[in-house]
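**Student:**
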Amino acid sequence: MSGFLFVVPPLVGHINPAVGVAARLAERGHRVAWVCADPALLHRLAGQDARVYACAGPVPGAEGAVRPPDLRGAEALKFLWEWYLVPLADAMAPGVRAAAEAFRPDVVVADQQAFAGALVAERLGLPWATSATTSAEFTGAYDGLPKVAEWLRERLTELRTRIGDPAQTADPRYSPHLLLVFSTPELIGPQAPLGQRIHYVGPSLADRPAGPGFPWEWLDPGRAKVLVTLGTANADAGQRFLAECLAVLRERADRVQAVLVDPGGTLPAAPADRFGKDVLILPSVPQLPLLERMDAVVCHAGHNTVCEALWHGVPLVVAPIRDDQPVVASQVVDAGAGVRVRFGRVTAPRLGAALDTVLNDRAHRAAAARVRTAFRAAGGARAAAGHLERLASHSSP
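Each residue of the sequence shown is one higher than the one before, counting from 1105 in the numbering used here.
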């Protein structure tokens, strides 16, 4: 039996993939624990029985951790690092160290954006694995931005002097021991790096705690089904886009039925009755079981949403907002599994044309099916757990 300490940021899209891996390890008899700045969120996603060590750190949406919704491109990236990722690492480090000393793991599993996990493990001499919940860092996203890449390296070097081992040189985003990438080259593309320590395991999907009941009887078998979602972190930026989606969907009510996720309540709610028979607007949905019934997804190109859709062979309309989303959107388009539109400027006619294309063009559905096949062959949480077990068995006590 080995011990695995998962270090994650308080972000749903980064915790969910790790939940499936942790569950597999626990099923095999291993000790599993977590470090997170939002224990309540971790328990909601991983279950109330999860062993969680609390730590300090900014939680998105809290005072001081709110990003202006209009930030895009390099400015959004700089804000993310300066005001969230670097402060998060500094704040988490004491809690991560205390958890490691109390739990005594054989391996630390550090999310790629929870730098404290990697750097504290490095300082304590513990083997650590990278949990890469987005593939954007593996696509040469900064190749044409040398000044940005250098600025990021400087921030990480400064972090190492504060919380890591100054004698080490490994980038805390890329473990020298094991990188678990929750995607496959069939989506990432030919630029996906190869190496003995890099393993593409595809999406890690696990049963999630049941939320509010969904009116499954509302779904009409005679019409195509579309899910519209901007994820959990973009409620502040989505009002105009969701309004355009609503107009497009109502124009196609004779042949399309849609579920629109509006966590911020920016649109008037439509109950599942004669006034809401075409578009159902809800603050949250059971996304995984719902995707089994969808014919298309309109989304922000968040890595988890894209991978969950393609796991079910569902083609996409992607409208990236910021961060890694433009990179993931390009992967979807290059794989042939979807169409890209401009989040901030798309009009209803353009959005409608994109939706019609993914619903009616067999090529997009065939491409999505190819990615689905690759994802399911990659092994997901089971394969990731196996790689972690091997790392633990080959590491010195």
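Beta carbons: idealized from backbone N, C-alpha and C, even for Gly.
Within 10 angstroms of the Cβ of leucine 1298, are there 16 or more other Cβ atoms? Answer buried if so, exposed if not.
**Tutor:** Label assigned to leucine 1298: exposed.
**Student:** Taking only the alpha-carbon atoms, compute the straight-line gap between glutamine 1343 and glutamate 1262 and give it to the nearest angstrom.
**Tutor:** Distance between the alpha carbons of glutamine 1343 and glutamate 1262 is about 38 Å.
**Student:** Which residues in the same chain have their Cβ closer than 6 Å to the Cβ of alanine 1127, if we skip the five residues on either side of it in sequence?
**Tutor:** Taken in chain order, the residues that qualify are Ala1310.
**Student:** Please state whether the Cβ-Cβ distance between valine 1139 and leucine 1109 is less than 9 Å.
**Tutor:** Going by C-beta atoms, valine 1139 is nearer than 9 Å to leucine 1109.
**Student:** Please confirm whether leucine 1395 has its beta-carbon closer than 9 Å to some beta-carbon of chain B.
**Tutor:** Here chain B cannot be found, since the structure has a single protein chain.
**Student:** Of the choices Asp1427, Gly1440, Val1432 and Gly1406, whose alpha-carbon is the least far from that of glycine 1417?
**Tutor:** Measuring from the Cα of glycine 1417, the nearest candidate turns out to be Gly1440.
**Student:** Okay, do the segment 1116-1124 and the segment 1188-1201 touch, 3+ Cβ pairs below 8 Å being the bar?
**Tutor:** The segment 1116-1124 vs the segment 1188-1201: no contact.
**Student:** Out of Arg1486, Arg1227, Ala1457 and Pro1276, which one is the CA nearest neighbour of alanine 1214?
**Tutor:** Nearest option by C-alpha distance: Pro1276.
**Student:** Rounding to the nearest angstrom, what Cα-Cα distance links valine 1332 and leucine 1291 in this structure?
**Tutor:** Approximately 21 Å, taken between the alpha carbons.
**Student:** Just grab the DSSP bridge partners of tyrosine 1063 for me.
**Tutor:** This structure cannot settle anything about residue 1063, because the visible part of the chain is limited to 1105 through 1501.
**Student:** Kindly indicate the opening and closing residues of the beta strand (DSSP E) around phenylalanine 1242.
**Tutor:** Premise fails: phenylalanine 1242 is in no beta strand (DSSP E) and is neither H nor E.
**Student:** Under a three-way DSSP split, which group does arginine 1378 fall into?
**Tutor:** Residue placement at arginine 1378 cannot be trusted, given a pLDDT of 37 that sits under 50; what the coordinates show is reported in the next sentence. Residue state, collapsed to three classes: coil.
**Student:** My output table needs one value for glutamine 1343: the three-state DSSP class, helix, strand or coil.
**Tutor:** Residue state, collapsed to three classes: helix.
**Student:** For alanine 1351 and phenylalanine 1447, what's the separation of their Cα atoms in angstroms?
**Tutor:** Those two C-alpha atoms are separated by around 15 Å.
**Student:** For the beta strand (DSSP E) that contains leucine 1364, what are its first and last residues?
**Tutor:** Start and end: 1360-1365.
**Student:** For arginine 1327, which residues in the same chain have their Cβ closer than 7 Å to its Cβ, ignoring the five residues on either side in sequence?
**Tutor:** If we look at arginine 1327 and ignore the five residues flanking it on each side, its Cβ neighbours are Arg1359, Val1360 and Gln1361.
**Student:** First and last residue of the beta strand (DSSP E) that includes glycine 1442?
**Tutor:** Taken as a continuous stretch (DSSP letters only), the beta strand (DSSP E) holding glycine 1442 covers 1442-1444.
**Student:** If you measure from the CB of arginine 1128, is any heavy atom of the ligand HEM nearer than 8 Å?
**Tutor:** Annotation note on the ligand HEM: not contained in the displayed structure, which lists no ligands.
**Student:** When the Cα of alanine 1158 is compared with those of Val1383, Phe1219 and Pro1198, which residue comes out closest?
**Tutor:** Nearest option by C-alpha distance: Pro1198.
**Student:** Could you tell me the distance, in whole angstroms, from the CA atom of serine 1434 to the CA atom of arginine 1208?
**Tutor:** Rounded to the nearest angstrom, the two C-alpha atoms are 41 Å apart.
**Student:** Do the CB positions of valine 1450 and alanine 1405 come within less than 9 Å of each other?
**Tutor:** No, they are not a contact pair.
**Student:** Express the C-alpha separation of leucine 1364 and threonine 1370 in angstroms, rounding to a whole number.
**Tutor:** When rounded, the distance between both Cα atoms is 11 Å.
**Student:** Name the DSSP bridge partner or partners of leucine 1384?
**Tutor:** Answer is Val1363, bridged to leucine 1384.
**Student:** With DSSP as the reference, identify every bridge partner of tyrosine 1278, one or two as the case may be.
**Tutor:** Note: tyrosine 1278 sits in no beta bridge, so no partner.
**Student:** DSSP state of methionine 1105, grouped into three classes?
**Tutor:** The answer is coil: DSSP assigns methionine 1105 none of H, G, I, E or B.
**Student:** Do you know offhand how far glutamate 1254's Cα is from leucine 1260's?
**Tutor:** One C-alpha to the other measures close to 10 Å.
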